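Scroll down for the structure; my scribbles are underneath it.
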Amino acid sequence: MKYSWNVVRESLRLTPPAVGAFREATTEFTFRGFTIPKGWKIFWTVYSTHKNPDCFPEPERFDPSRFEGSGPAPFTFVPFGGGPKMCPGKEYARLELLVMMHNVVTRFKLEKTISDEKIVYYATPTPVHGLPLRLHPHQQ
Ligand code: HEM
Numbered sequence: 001m002k003y004s005w006n007v008v009r010e011s012l013r014l015t016p017p018a019v020g021a022f023r024e025a026t027t028e029f030t031f032r033g034f035t036i037p038k039g040w041k042i043f044w045t046v047y048s049t050h051k052n053p054d055c056f057p058e059p060e061r062f063d064p065s066r067f068e069g070s071g072p073a074p075f076t077f078v079p080f081g082g083g084p085k086m087c088p089g090k091e092y093a094r095l096e097l098l099v100m101m102h103n104v105v106t107r108f109k110l111e112k113t114i115s116d117e118k119i120v121y122y123a124t125p126t127p128v129h130g131l132p133l134r135l136h137p138h139q140q
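Residue numbers (the numbering used here): 1 to 140.
Here it is, written out as structure tokens:
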């Protein structure tokens, strides 16, 4: 299900469920003129690369083909984090998403009843009106 996974990844790029996470500086360092002392907590954000046109050209455009071939550069697509603290539930989330998606899209055509519904972040992304949908069963 390579194409389906590319669709999921592009959705996770544009609307990541987790916006970032904390790290603790184990040593003092300087980044772009800012000195971060040892012991400080730093919050890394998913959006700083997901919406960066240097990493993802035309970042607001939904384009699953970005993930074809060798895909994005390492540590630019980070909805599950990266390095030793990377999300241990990633593969489970992938399985769950693909199974759900397969069962829904092979049975129904989905129609949003509010076409321009906004998504707000209450820690995680939430459609303002609860994403009301009409499900049209495919002809058997
Ligand atoms: C789409 C679904 C999910 C997303 C986007 C997600 C995202 C993340 C992110 C960004 C982190 C922080 C990684 C870092 O600090 O580098 C994280 C950590 C974690 N996730 Fe997930 N996650 C998802 C699903 C799950 C599931 C299904 C589980 C468990 C069944 C899970 C368990 C955890 C745990 C235990 C941590 C903490 C790991 C640590 O601090 O060592 N996650 N996740």
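Positions of the beta carbon are idealized from the N, C-alpha and C atoms, including for glycine. All values derive from a computational prediction rather than experimental measurement.
In its own chain, leaving out the 5 sequence neighbours on each side, no residue places its CB closer than 6 Å to the CB of E58. Within 10 angstroms of the beta-carbon of F29 lie fewer than 16 other beta-carbons, which makes it exposed.
Using a Cβ-Cβ distance cut-off of 8 Å, the segment 55–75 and the segment 26–46 are not in contact, since fewer than three pairs of beta carbons, one from each stretch, lie closer than that value.
Under the criterion of beta carbons closer than 8 Å, E68 and K41 do not qualify as touching, at roughly 37 Å. The residue among G89, D54, P88 with its C-alpha nearest the C-alpha of P72 is D54.
Look at L98: its beta carbon is at least 7 Å from all of the heavy atoms in the ligand HEM. Between the ligand HEM and the CB of K85, the shortest heavy atom gap is smaller than 7 Å. Annotation for L98: M1, S4, W5, V8 place their beta carbon closer than 8 Å to its own, counting only its chain and skipping 5 residues before and after. Ranked by Cα distance from V19, the first of P132, T124, T26, S11 is T124.
The nearest non-hydrogen atom of the ligand HEM is less than 7 Å from the C-beta of Y92. Here E111 carries a strand assignment [DSSP, helix/strand/coil]. DSSP places T49 outside any beta strand (DSSP E); the residue lies instead in the alpha helix (DSSP H), whose first and last residues are 47–50. In this structure, DSSP gives W40 a state outside helix and strand, which the three-state scheme calls coil.
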